[in-house]
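Enquirer: The sequence shown lines up with residues 0 to 485 when you count with numbering that gives the first Met the number 0.
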Amino acid sequence: MQTGPLFPALTDPTDAQALRFSGSTHDGALTYRQLAGVAGGVAARIAGLSRVAVWATPTLPTAVAVVAGLRAGVPVVPVNPKNGERELGHVLSDSAPEAILAAPDVALPAALDGLRRVDVDPTAAPSTTGAPGDEPGADAPALVVYTSGTTGAPKGVVLSRGAVASNLDALAQAWAWTGDDVLAHALPLFHVHGLVLGTLGPLRRGGTLHHLGALSATELSAAVDGGATMVFGVPTQYHRLAADLEADAGAAAAVGRARLLVSGSAALTAVDHARISALTGHSVRERYGLTETLILTAARADEEPEVGTVGRPLPGTEVRLAPLPAEADAPEGAEEDGLGGVEVRGPGLFSGYLNLPDATAGTTTADGWYATGDIGRWTASGALALVGRKATDLIKSGGYKIGAGEIENALLEHPAVAEVAVLGESDEDLGERVVAYVVADGAPPEPDVLVAHVVGLLAAHKRPREIRFRDSLPRNDMGKVQKKLL
Ligand code: MLC
Ligand code: AMP
């Protein structure tokens with residue numbers, strides 16, 4: 000369990016580099032000394048607030064703002080700046096932040112007008128108020144991260160400071176992650192992968208985050224030449240990187256000089272694993288987690304990974320497979336194959352869904368086991384292989400979790416849509432892509448009109464990649480759409 004500060008390297012800061020952002024409109028870097036000063040200044044301005052939102056662009060001000068919130072002991076709600084109107088409204092009313100932290104030059108949408116704005120300028124003069132006082136304990140909330148379910152609006156996952164700290168420390172053991180490491184990635188900063196692992200991870204170690212803006216061969220090879228030792232990405236990014244590197248042997252060799260490549264948030268295909276390995280000489284390590292549980296399992300740095308698995312449970316985390324109920328979930332022959340529902344117990348578990356005690360109560364057993372909804376089996380070496388997911392209405396696209404119901408509801412609000420069914424279809428690049436089957440009310444509209452409608456209400460990554468018009472949808476006797484028949 001966490002004791003002491005979340006970021007020990009900020010207590011007595013040095014001139015070692017903490018953060019570096021390149022390839023975006025907010026290029027810049029901060030040493031630990033500078034970060035302590037500038038985040039300290041922001042922390043002083045928000046001290047005592049109950050919660051703050053951070054306009055989570057992939058930039059230096061975002062990282063500074065999150066550190067400031069955590070230093071001040073104020074829970075942080077990272078907000079996807081590409082959220083549509085509906086989703087942004089929900090996140091704001093549900094999390095009720097007392098201020099919005101953003102870079103000074105960012106134009107914020109009208110929905111944020113009533114909120115106190117705190118500008119976060121990484122070039123501002125450092126705080127003169129000295130180090131903040133004692134940080135809250137391990138049970139205190141650190142972050143509220145919004146994640147989609149099968150239906151309804153996204154839920155705010157409350158992650159405690161202890162969950163964050165213990166999970167990062169366990170990952171550090173698995174990957175021999177130290178303050179000497181420079182982590183390169185190009186992940187968004189409003190989800191667990193890019194924010195907790197990708198930003199708080201290096202800062203907790205006293206190492207460096209180098210955010211690249213995009214995980215291209217050019218950016219990444221330059222970063223490794225410049226000292227990056229570790230790389231994080233979602234499978235879609237590795238898939239695209241592989242194509243890039245196949246056309247650039249020099250960049251592939253450079254990436255090969257990194258120490259460790261890690262993939263997560265969705266399954267890396269065996270094909271892409273083999274491509275990256277042939278190009279860089281690295282076997283990508285996969286790790287597996289959820290917003291609600293943080294990371295459960297990881298392939299270790301000091302062992303050759305078993306391709307097709309997500310490694311073994313992290314130190315301090317228990318993972319078990321529960322029998323699958325016969326009717327709905329179990330694929331045929333599940334029992335013989337040793338398949339089960341993945342459950343986890345350990346210090347990384349969330350504290351609950353914000354404002355949703357009933358939904359929270361249903362997720363975890365009295366003795367602390369959380370059912371992930373994923374289906375897996377153990378391999379002979381003790382690693383976990385994931386084989387599927389119980390809910391067909393959850394789609395993982397580009398590493399983003401997307402609820403079919405949320406998109407269906409958005410589409411149904413369009414006057415030209417009479418009926419709709421959304422599902423995920425297998426996609427080489429995105430893993431799964433969102434496909435909407437639509438029965439039009441009258442003449443079918445242009446697909447782009449419906450896509451723009453979804454982007455306006457939700458977020459761009461939730462948009463259907465394809466709209467297929469049908470005269471009717473297959474329904475069972477109860478009137479429920481039979482998605483399997485689509
Ligand atoms: C495209 N865009 C549009 C648009 N079409 N904007 C408005 N209207 C439209 N019709 C924008 C997109 O927002 C995007 O902007 C840009 O154009 C390119 O669009 P895209 O092609 O859809 O993006 P894409 O290339 O598909 O993105 C691929 C990706 C992305 C891999 C970069 O999916 C990604 O960042 N994934 C990471 C997801 C992640 O972090 N998951 C972790 C969850 S935590 P822009 O500026 O956004 O590029 C978790 C736990 C764990 O799962 O284990 O980690
Ligand atoms: P999220 O709600 O965005 O945190 O997504 C969590 C889900 O992502 C898990 O329930 C898994 O289905 C999926 N996931 C995360 N990591 C992996 C991985 N390495 N391989 C396969 N699926 C993964």
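Beta carbons are placed, not taken as given, at the ideal position from N, Cα and C, and that holds for glycine. Just so we're clear, the structure is a prediction, and the values are computed from it rather than from any experiment.
Do the CB positions of residue 467 and residue 396 come within less than 9 Å of each other?
Expert: Locating residue 467 in the sequence shown gives position 468, counting from the first residue. Locating residue 396 in the sequence shown gives position 397, counting from the first residue. The answer is no: Cβ separation not under 9 Å.
Enquirer: So does the stretch 232-241 actually touch the stretch 268-277, counting three or more Cβ pairs closer than 8 Å?
Expert: Touching, yes, given that three or more Cβ pairs across the two stretches are closer than 8 Å.
Enquirer: Thinking C-alpha only, which one of 345, 352 and 322 is nearest residue 338?
Expert: Within the sequence shown, the letter at position 339 stands for residue 338. Residue 322 is the option with its Cα nearest to residue 338.
Enquirer: Can you list, in chain order, the residues of its chain with a C-beta nearer than 8 Å to that of residue 401? Leave out the 5 residues immediately preceding and following it.
Expert: Reading the sequence shown from its first residue, position 402 is the one you call residue 401. So the list reads 147, 393, 394, 395, 423, 433, 460 and 461, once near-sequence residues are dropped.
Enquirer: What is the rounded straight-line gap between the Cα of residue 111 and the Cα of residue 58?
Expert: Within the sequence shown, residue 111 is the residue found at index 112, counting from 1. Within the sequence shown, residue 58 is the residue found at index 59, counting from 1. Going by the C-alpha atoms only, they are around 20 Å apart.
Enquirer: Assuming residue 320 and residue 368 are in contact, meaning their beta carbons sit under 8 Å apart, how far apart are those beta carbons, in whole angstroms?
Expert: Position 321 of the sequence shown, counted from the first residue, corresponds to residue 320. Position 369 of the sequence shown, counted from the first residue, corresponds to residue 368. At roughly 11 Å, the Cβ-Cβ gap does not stay under 8 Å, so residue 320 and residue 368 are not in contact.
Enquirer: Tell me whether the beta-carbon of residue 172 lies closer than 9 Å to the beta-carbon of residue 5.
Expert: The count along the sequence shown starts at 1 and reaches residue 172 at position 173. The count along the sequence shown starts at 1 and reaches residue 5 at position 6. Against a cut-off of 9 Å, the Cβ pair of residue 5 and residue 172 comes out as no contact.
Enquirer: Considering only the alpha carbon of each residue, which of 380, 107 and 185 lies closest to residue 311?
Expert: The residue you call residue 311 lines up with position 312 of the sequence shown. Ranking the options by Cα distance to residue 311, first place goes to 380.
Enquirer: Can you tell me the Cα-Cα spacing of residue 55 and residue 189, whole angstroms?
Expert: Counted from its first residue, the sequence shown places residue 55 at position 56. Counted from its first residue, the sequence shown places residue 189 at position 190. If you take the alpha carbons of residue 55 and residue 189, they lie about 6 Å apart.
Enquirer: Is residue 21 near ligand 1, in the sense that its beta carbon is under 8 Å from a heavy atom of that ligand?
Expert: Indexing the sequence shown from 1 puts residue 21 at position 22. Residue 21: no, Cβ never under 8 Å from ligand 1.
Enquirer: Can you find the residues in the same chain that come closer than 8 Å, C-beta to C-beta, to residue 486, ignoring five residues on each side of it along the sequence?
Expert: Outside the displayed span of the chain (0 to 485) sits residue 486, for which this structure offers no information.
Enquirer: Does DSSP classify residue 247 as helix, strand or coil?
Expert: As a position in the sequence shown, residue 247 is number 248, starting the count at 1. Here residue 247 sits in coil by DSSP.
Enquirer: Could you check the C-alpha separation between residue 487 and residue 480 for me, to the nearest Å?
Expert: This structure leaves residue 487 out entirely; the chain is present only between 0 and 485.
Enquirer: Taking 8 Å as the cut-off, is the beta-carbon of residue 352 closer than that to any non-hydrogen atom of ligand 1?
Expert: Indexing the sequence shown from 1 puts residue 352 at position 353. Checking the Cβ of residue 352 against ligand 1 gives no.
Enquirer: Hey, out of 69, 41 and 344, whose CA is closest to residue 116's CA?
Expert: By one-based count along the sequence shown, residue 116 stands at place 117. Closest by alpha carbon: 41.
Enquirer: At a cut-off of 8 Å, would you count residue 286 as near ligand 2, judging by its Cβ distance to the nearest heavy atom?
Expert: Residue 286 sits at position 287 when you count from the first residue of the sequence shown. Indeed, a heavy atom of ligand 2 lies less than 8 Å from the Cβ.
Enquirer: Would a C-beta distance cut-off of 9 Å place residue 37 and residue 74 closer than the cut-off?
Expert: Here residue 37 refers to the residue found at position 38 when the sequence shown is read from its first residue. Here residue 74 refers to the residue found at position 75 when the sequence shown is read from its first residue. In this structure, residue 74 does not lie closer than 9 Å to residue 37 by Cβ.
Enquirer: Once you ignore the five residues that flank residue 206 on each side, which residues in its own chain have a CB closer than 6 Å to its CB?
Expert: On the sequence shown, residue 206 is found 207 positions in, with the first residue counted as 1. Cβ neighbours of residue 206 beyond the five flanking positions: 178 and 180.
Enquirer: Nearest-angstrom Cα distance between residue 347 and residue 287?
Expert: The sequence position of residue 347 within the sequence shown is 348, counting from 1. The sequence position of residue 287 within the sequence shown is 288, counting from 1. Rounded to whole angstroms, residue 347 to residue 287 spans 13 Å at the Cα level.
Enquirer: Quick check: residue 164 and residue 315, are their CB atoms within less than 9 Å of each other?
Expert: Here residue 164 is taken as the residue at index 165 of the sequence shown, counted from 1. Here residue 315 is taken as the residue at index 316 of the sequence shown, counted from 1. Cβ atoms of residue 164 and residue 315: not closer than 9 Å.
Enquirer: For residue 223, which residues from the same chain have a beta carbon less than 6 Å from its beta carbon, with the 5 sequence-adjacent residues on both sides left out?
Expert: For the purposes of this step, residue 223 is identified with residue 224 of the sequence shown, where counting begins at 1. Correct list, in chain order: 253, 254, 256 and 257.
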